[in-house]
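In my numbering, the protein residues as written are 6 to 776.
Just so it is clear, CB atoms sit at the ideal spot from N, CA and C, and this is done for glycine as well.
Because the structure is a prediction, the values reported are computed rather than measured.
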């Protein structure tokens, strides 16, 4: 009962300690390295959990990986938190805390050594090398895959049998007393359910991050210690073969995952060829990286988000090889007496194999995030080893030593966490602690450019290009800054140079297309938009701008198709809805156009152009009330929109809102004094209004004469208005003369003369016109 209480107290303390140290991460931002691919510029993920997104998650090779469960977790975050980075960070932190608790629970149940297990879990939770996996939103795959790994191990431990654990615990206790018993096989009755659960959790882990492919190897290690199912040296070959057969389903999943991952990464261009990085260089980097991981575990300084690939001195390679060989031989020699050391060491070596660089993926020589699972082995070897070799040391001294290590890790992790606040702090630190880190220069420059610090950004981009002259991404980013500075011709050359270095860059094709469109070269712009979409079919902005170019080029039907694709990617794009509606109008699909105009206005209430387009279509479809509402809002948002004032004046006049109509006609004429139709409408109201307070005969005649002059007296309606104004001034003889002129002009143009004839009768009777 006491031990159970201690167990839960340790769990509580471990969770609180981890949360306290890492909680500042929820105040951190997204960063511009991988986060755009995973979240901030991934429209599919941003839609949240949808059926379409789920299908995409299982089909896509985006980012050069196949990890559908990771994609689904990011979608769920967007569903819950939207684009608030704090929520996404919090999810990573929760998984990290849960992983620490699972590790503690597994080790405690497997070894019955609670305090040693707690120390391993604390090191796992607080080690600075693990900051990257927690603080980087894109590394959700680390914490998520480890969660499923630990669940798989837990199910496997249950499958292997409780008596095996108990027997091993007894042997461990005997060892600590200085005795070394034989490692006889412990066979227990097992249930199939935990075995299948272990397989399911393993599959989910692989679908979160394929680095877990070494699990079958780990299971054999754990069969040796702490489960005690394998003796050393082997005393029962038949039973060992059964254990190997038991691992075949796990191995099959590993092989399948490895094959899928290799082809996906190769297709994505992430796998470096032997011609680019020869095998001797890879082997040298592998040996040195193992040594560097070991060194950083004990002395975690100068940690960086990216460690660039570089050639290593032969002496460093040989030294690392000797250290690795010496420790490996020692592990074999100590396997019987100190199995924890054998298991811990080869856990570390084995779990790093998929990412150690023999198959080079990406730009890095090593990465802190790769240690998230491998360091568990070293922590076990270290903690169990210190415990064994300090049997005669006072418990208080040991407790003080352990506390000092925990405090050191906590402080170091807190400092390391600060570098992850945003892209600027992260990459400034990376530049400070690494050499020739052209990616860090580029990403820091990108972050500064987004903050409007273009001059400093340009210097950093130039630094990146000095370090790597054929760095296509930096060439592209320089072109983007030139674009913002209005240096279109230079930007075009920059995009072309970027494409020469990396022809499959969708952003470079897209940027070049935009600039060519600005220069009026629609045909070539369309070619590059299409190229961008061949590379990235989900590039919503490329669909949108291609549609714009096609529409300008008279290819309306195809433009509609691309607007619709753009809206699939970004359904909240008000501009795309507005432009699609305009295209649909040209095709005569007025009902569909109306809905898209309305959606544009709903999404962007201050979108005056969309409101204006909606109003004109409503007028066309006989919806004066809706048109009036929209035009009223347009004139508020765009007071200088002469056409909106004019059209609103007509609508208000028809609705007998005379005072408002006069105001908007006057505004239209203030903005465009020589518009004959506006002059005529205002003149007619001033001459014929039923309300005397709105009539002004002198102004009416003046405006009507101006309208007639501008139309060269060829508009019978304007002449009719002038006649009405003259009649209002009691100049009936002149009014009759002008009306006769209007009647003759109407007849000559094939228009009905009946209304003008009625007006003539009134004028002849000495009566002004009232409308």
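Taking the CA atoms as reference points, residue 380 sits about 7 Å from residue 129.
Exclusion of the five residues before and after residue 450 leaves 462, 465 and 466 as the residues of its chain whose Cβ lies within less than 6 Å of its Cβ.
Nearest C-alpha to residue 151 among 544, 138, 502 and 522: 138. Per DSSP, the unbroken alpha helix (DSSP H) holding residue 119 starts and ends at 119-131. Residue 89 carries a coil assignment under DSSP once its states are collapsed to helix, strand and coil. In its chain, beyond the 5 residues on either side, 688, 726, 727 and 730 have a beta carbon closer than 6 Å to the beta carbon of residue 709.
With the rule of 3 Cβ pairs closer than 8 Å, the stretch 47-58 does not count as touching the stretch 439-459. Between residue 584 and residue 612, the CB-CB gap reaches or exceeds 8 Å. The residues 511, in chain order, have a CB closer than 6 Å to that of residue 541 in the same chain once the five nearest residues on each side in sequence are set aside. Across the structure, residue 579 and residue 602 are spaced so that their CA atoms are roughly 9 Å apart. According to DSSP, residue 313 shares a beta bridge with 369. Between the stretch 93-101 and the stretch 143-157, the count of Cβ pairs shorter than 8 Å is three or higher; the stretches touch. In the three-state reduction of the DSSP assignment, residue 737 falls in the helix class, which pools H, G and I. Annotation: the stretch 684-743 contains the following complete segments of the alpha helix (DSSP H) (minimum length 4 residues), in chain order: 702-715 and 721-733. Spatial neighbours of residue 750 in its own chain (CB-CB distance under 6 Å, excluding positions within 5 residues in sequence) are listed in chain order as 721. Taking 4 residues as the minimum length, the alpha helix (DSSP H) runs contained wholly in the stretch 224-277 are 242-251 and 253-272, in order along the chain.
Straight-line spacing of the CA atoms in residue 528 and residue 581 works out to 21 Å.
Nearest in C-alpha terms to residue 124, of all of 392, 620, 469 and 735, is 392.
For residue 703, the number of other beta carbons within 10 angstroms of its own is below 16, and it is reported as exposed. Restricting attention to 293, 105, 86 and 31, the CA atom closest to the CA of residue 15 is found in 105. Residues of the same chain with a CB within less than 7 Å of the CB of residue 12, apart from the 5 flanking positions on each side, are 113 and 119 in chain order.
Between residue 530 and residue 548, the C-beta gap is not smaller than 8 Å, which leaves the two residues out of contact. Around the beta-carbon of residue 305, 16 or more other beta-carbon atoms lie within 10 Å, marking it buried. Residue 399 carries a coil assignment under DSSP once its states are collapsed to helix, strand and coil.
It is roughly 12 Å from the alpha-carbon of residue 410 to the alpha-carbon of residue 387.
Straight-line measurement puts the Cα of residue 144 at about 11 Å from the Cα of residue 93.
Of all C-beta pairs linking the stretch 40-53 to the stretch 241-250, fewer than three are shorter than 8 Å, placing the two stretches out of contact.
With respect to the 8 Å criterion, residue 376 and residue 312 are not classified as neighbours on the basis of their beta carbons. For residue 296, the enclosing alpha helix (DSSP H) starts and ends at 284-303.
Burial state of residue 640 is buried, judged by a 10 Å Cβ sphere holding 16 or more other Cβ atoms. If you draw a straight line from the Cα of residue 10 to the Cα of residue 357, it is about 36 Å long. Of the candidates 34, 526 and 331, 526 places its Cα closest to the Cα of residue 493. Here residue 226 really is in contact with residue 348; their C-beta atoms are around 5 Å apart, less than 8 Å.
Bounds of the alpha helix (DSSP H) holding residue 49 are 48-51.
Here residue 561 carries a helix assignment [DSSP, helix/strand/coil]. When the five nearest sequence neighbours on each side are left out, the beta carbons in the same chain lying within less than 6 Å of the beta carbon of residue 483 are those of 466 and 499, in order along the chain.
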